[in-house]
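Those sequence lines, one after another, are chains F and Y. Quick note: the first sequence uses this note's numbering, first residue 4, plus one each step. Quick note: the second sequence uses this note's numbering, first residue 3, plus one each step. What follows is a set of notes on a single structure, which appears directly below.
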Amino acid sequence: DAKTTQPTSMDCAEGRAANLPCNHSTISGNEYVYWYRQIHSQGPQYIIHGLKNNETNEMASLIITEDRKSSTLILPHATLRDTAVYYCIVRPQNTGNQFYFGTGTSLTVIP
Amino acid sequence: NAGVTQTPKFRVLKTGQSMTLLCAQDMNHEYMYWYRQDPGMGLRLIHYSVGEGTTAKGEVPDGYNVSRLKKQNFLLGLESAAPSQTSVYFCASSYSISGWRNIQYFGAGTRLSVL
């Protein structure tokens with residue numbers, strides 16, 4: 004599985020967009036990019052995922068570069084409840100069962 | 003619809019004691035997983051199951067056993083607990099393991115301390 008690199012921590016002002024980067028330079032063609040978050044002491048929560056195209060749902064947008072070597076998770080209007088650790092994970096399409104979470108980015112939304 | 007439910011939520015064991023953690027899901031998912039999370043670290047996969055009656059080892063399986071006798075339940079056992087097994091344990095389930103549909107739904111966790 005491709006490895007991912009994320010900043011250890013980030014701050015964002017409440018109401019502003021939070022842009023969380025992820026580097027996955029060794030990603031292969033059949034690997035999806037998943038984003039999860041973990042609010043303090045709770046179980047991880049699925050946010051969004053994609054393969055090549057940009058994706059948007061009610062929680063966030065996922066922007067994947069054309070070469071697929073990096074991606075950005077965008078929370079359009081961050082709230083205090085978005086303070087959490089955000090995990091970027093890449094995973095093959097149909098092989099294996101491992102989901103490597105890494106240490107993620109700790110996002111703090113500041114009032 | 004409760005999703006993924008883990009019991010117990012907290013437990014303190016003495017070294018050498020045994021216990022079983024229960025995970026139950028009501029989403030009719032085929033795939034279930036057990037992870038552990040140590041302080042300041044990401045989740046690591048212990049064991050997983052691709053269907054009733056099947057189990058497989060994950061990244062850190064030593065010291066744990068699992069069983070999937072019913073589709074909705076996945077049990078994690080510690081036969082002889084050690085202080086190194088102090089951790090938060092998360093159970094998850096998913097409809098599929100294919101890349102597009104492997105959205106894992108997690109329980110609230112079990113906080114285990116081994117003294």
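Quick reminder that beta carbons are idealized off the backbone N, C-alpha and C, glycines included.
(request) Determine the DSSP secondary structure at Arg84(F), reduced to helix, strand or coil. (result) Note: Arg84(F) maps to helix in three-state DSSP.
(request) Below 9 Å between beta carbons is the criterion; list the residues of the region 39-59 of chain F that meet it against any residue of chain Y, in chain order. (result) Correct list: Tyr39, Gln41, Ser44, Gln45, Gly46, Pro47, Gln48, Tyr49, His52, Leu54.
(message) Could you tell me which whole beta strand (DSSP E) segments of length 3 or greater appear in the region 31-83 of chain Y?
(response) Runs found: 33-39, 45-51, 67-69, 75-80.
(request) Note down, in chain order, all residues in the region 76-91 of chain Y with a beta-carbon under 7 Å from any beta-carbon belonging to chain F. (result) Those residues of the region 76-91 of chain Y that come within reach of chain F (Cβ to Cβ, closer than 7 Å) do not exist; the list is empty.
(message) Judging by CA-CA distance, which residue of Tyr39(F), His80(F), Gly53(F), Ser109(F) is the nearest neighbour of Gly18(F)?
(response) Out of Tyr39(F), His80(F), Gly53(F), Ser109(F), His80(F) has the C-alpha closest to the C-alpha of Gly18(F).
(message) Need the endpoints of the beta strand (DSSP E) that Ser31(F) sits in, please.
(response) Segment: none, Ser31(F) is in no beta strand (DSSP E) and carries neither H nor E.
(request) Determine the extent of the beta strand (DSSP E) in which Leu117(Y) is found, giving its start and end residues. (result) Per DSSP, Leu117(Y) belongs to no beta strand (DSSP E) and is neither H nor E.
(request) Assign Ser86(Y) to one of three DSSP states: helix, strand, or coil. (result) Of the three classes helix, strand and coil, the one that applies to Ser86(Y) here is helix, per DSSP.
(message) Within 8 Å, do at least three Cβ pairs link the region 83-92 of chain F to the region 41-53 of chain F?
(response) As far as the Cβ criterion goes, the region 41-53 of chain F touches the region 83-92 of chain F, which means the pair count is three or higher.
(message) Excluding the 5 residues flanking Tyr49(F) on each side, which residues of the same chain have their C-beta closer than 6 Å to its C-beta?
(response) Counting only Cβ-Cβ distances below 6 Å, and skipping sequence neighbours, we find Tyr39.
(message) In this structure, how does DSSP classify Asp14(F) when only helix, strand and coil are distinguished?
(response) In the structure shown, Asp14(F) falls within a strand segment according to DSSP collapsed to helix, strand and coil.
(request) Excluding the 5 residues preceding and the 5 following Ser64(F) in the sequence, name in chain order all residues of the same chain whose CB lies nearer than 6 Å to its CB. (result) Within the same chain, Ser64(F) has close Cβ partners Ile77.
(message) Can you tell me which residues form a DSSP beta bridge with Ala26(Y)?
(response) Ala26(Y) is bridged to Thr7(Y), Asn75(Y).
(message) Can you give me the C-alpha to C-alpha distance between Leu77(Y) and Asn26(F), rounded to a whole angstrom?
(response) Leu77(Y) and Asn26(F) have their C-alpha atoms some 36 Å from each other.
(message) For Pro114(F), count the other beta carbons within 10 Å of its own beta carbon; 16 or more makes it buried, fewer makes it exposed. Which is it?
(response) Per the 10 Å Cβ criterion, exposed.
(message) Taking CB distances under 8 Å as the criterion, tell me whether Tyr90(F) reaches chain Y.
(response) Interface annotation, Tyr90(F): in contact with chain Y, CB-CB separation under 8 Å.
(message) Please identify, using Cβ separations under 9 Å, the residues of the region 36-60 of chain Y that lie next to chain F, in order along the chain.
(response) Within the region 36-60 of chain Y, Tyr37, Gln39, Gly42, Met43, Gly44, Leu45, Arg46, Leu47, Tyr50, Val52, Ala58, Gly60 place their CB atoms closer than 9 Å to a CB of chain F, listed in sequence order.
(message) Distance check for Thr22(Y) and Val112(F), CA to CA, integer angstroms please.
(response) C-alpha separation (whole angstroms): 38 Å.
(message) Counting C-beta neighbours from all protein chains within 10 Å, is the total for Arg103(Y) 16 or more, i.e. buried, or is it exposed?
(response) It counts as exposed.
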